[in-house]
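Encoded as structure tokens, the structure appears first; notes follow it.
2 protein chains.
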Amino acid sequence: MKTTEQLTDLFRERGLRVTLQRQMIFGLLQANDSHPTVESLYERAQAEMPTMSLKTVYQTVHDLEALGEVDVLDLGTGSLRVDPNVEDHHHHLVCSSCGRVRDLPVEFDGLRVPNRYRRDFTVDAVQVIFRGRCDDCA
Amino acid sequence: MKTTEQLTDLFRERGLRVTLQRQMIFGLLQANDSHPTVESLYERAQAEMPTMSLKTVYQTVHDLEALGEVDVLDLGTGSLRVDPNVEDHHHHLVCSSCGRVRDLPVEFDGLRVPNRYRRDFTVDAVQVIFRGRCDDCA
DNA sequence: TGCTTATCGACAATGATTGTTGGTAGCTTC
DNA sequence: GAAGCTACCAACAATCATTGTCGATAAGCA
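Protein chains in written order, with the working numbering: chain V, 1 to 138; chain E, 139 to 276.
Spelled out as structure tokens, the structure:
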């Protein structure tokens, strides 16, 4: 995703207002590869800004998603994960127990739907999820 | 998954009781490749057995899952999908709009997590989801 | 500086799934 | 075939993540 300054400009260009709350959320997501849940972003934000509301975090995350600055992933862990790395296409390794997520580079490119199975469908994305258990949970 | 008769035996072996409700659900899942939601199974069951409860469908589906007779999938469509095809490993093509699901054969076997990314993790499954739009939704 | 309106925070509502409970009915044993 | 044990049933309430509503506030523009 872009830097906080670039996001500020981008939001204003689109007629969106840049508030302290939003700037804090921008900051929490910068170079964050922990795939945080919305709830966990909220907790971290609230520690510094006690009036932050959960709704505001959801709202801002969805605004960022609409601008293509983050991916909001459902990895089957019960809640959505925010992934600010939209630059490098990658896959995910997920702990089935605690929900921890690790990014994986795409070393097996060319995953395609065989032609005869494409009928009636326009395919536009592949998501690969490896599931397992992290050492802390094993 | 096994036939209704085989499932009846299997349930009894495990000390589970086989009721009319469960047999009806077994029947609804036989050779069903539509990846139904629990809710849709419930609706179909209720049409023939008006007293069927949603809880019973959830319960039975989870019992079948525990016995390895169905997979319960979270494909990001908002509700769980029941997949009775546990025999042939396969992947899925999902319509982002209506949630329709099609099975895909595994033509790209050997998807592996590169060794250096496996540290601290024991990987035991891969899930590949192709996303797109079906013609009805396009 | 003042105005317009997007955003805020508080609260209630939704939808999918699970917990609880008294009564019922499968299965086993005799 | 009858009796008893207990898993299962259906109805209801509760939970969790997420979204809708709304009056008050403050961001950005003129």
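Ideal Cβ placement from N, Cα and C applies to all residues, glycine included.
Beta-carbon gap between residue i and residue j smaller than 8 Å
i                      : j                      : result
residue 120 of chain V : residue 272 of chain E : yes
residue 70 of chain V  : residue 82 of chain V  : yes
residue 231 of chain E : residue 117 of chain V : yes
residue 244 of chain E : residue 227 of chain E : yes
residue 164 of chain E : residue 148 of chain E : no
residue 224 of chain E : residue 218 of chain E : no
Assigned exposure category for residue i - 16 Cβ within 10 Å defines buried
i                      : result
residue 151 of chain E : exposed
residue 77 of chain V  : buried
residue 143 of chain E : exposed
residue 22 of chain V  : buried
residue 114 of chain V : exposed
residue 49 of chain V  : exposed
residue 3 of chain V   : exposed
residue 233 of chain E : buried
residue 20 of chain V  : exposed
residue 270 of chain E : buried
Beta-carbon separation (whole angstroms), residue i vs residue j, contact threshold 8 Å
i                      : j                      : result
residue 38 of chain V  : residue 91 of chain V  : Actually they are not in contact, since the Cβ atoms of residue 38 of chain V and residue 91 of chain V sit about 22 Å apart, beyond 8 Å.
residue 166 of chain E : residue 182 of chain E : 6 Å
residue 280 of chain E : residue 180 of chain E : Coverage of chain E is limited to positions 139 through 276, which leaves residue 280 of chain E absent and any answer about it impossible.
residue 84 of chain V  : residue 24 of chain V  : Not really, about 14 Å apart at Cβ, beyond 8 Å.
residue 184 of chain E : residue 190 of chain E : 5 Å
residue 33 of chain V  : residue 103 of chain V : 6 Å
Requested in this report: Could you tell me which uninterrupted beta strand (DSSP E) segments, each at least 3 residues in length, are contained entirely in the region 181-245 of chain E, listed from first to last along the chain?
Outcome: 209-211, 219-221, 228-233, 239-243
Query raised in the report: Closer than 7 Å, Cβ to any Cβ of chain V: which residues of the region 245-262 of chain E, in chain order?
Result: 245, 246, 249, 251, 252, 255, 258, 259, 260, 261, 262
Query raised in the report: What residues in the region 65-85 of chain V have a beta carbon less than 7 Å from any beta carbon of chain E?
Result: 74, 76
Query raised in the report: Going along the chain, which residues of the region 50-61 of chain V sit with their C-beta nearer than 8 Å to a C-beta in chain E?
Result: Among the residues of the region 50-61 of chain V, none has a Cβ less than 8 Å away from any Cβ of chain E.
Query raised in the report: Name the residues in the region 228-242 of chain E whose C-beta lies less than 8 Å from a C-beta of chain V; which are they?
Result: 231, 233, 240, 242
Query raised in the report: Which residue spans inside the region 144-184 of chain E form an unbroken alpha helix (DSSP H) run of at least 4?
Result: 158-167
Query - Contact residues within the region 15-29 of chain V, judged by C-beta distance below 8 Å to chain E - result: none
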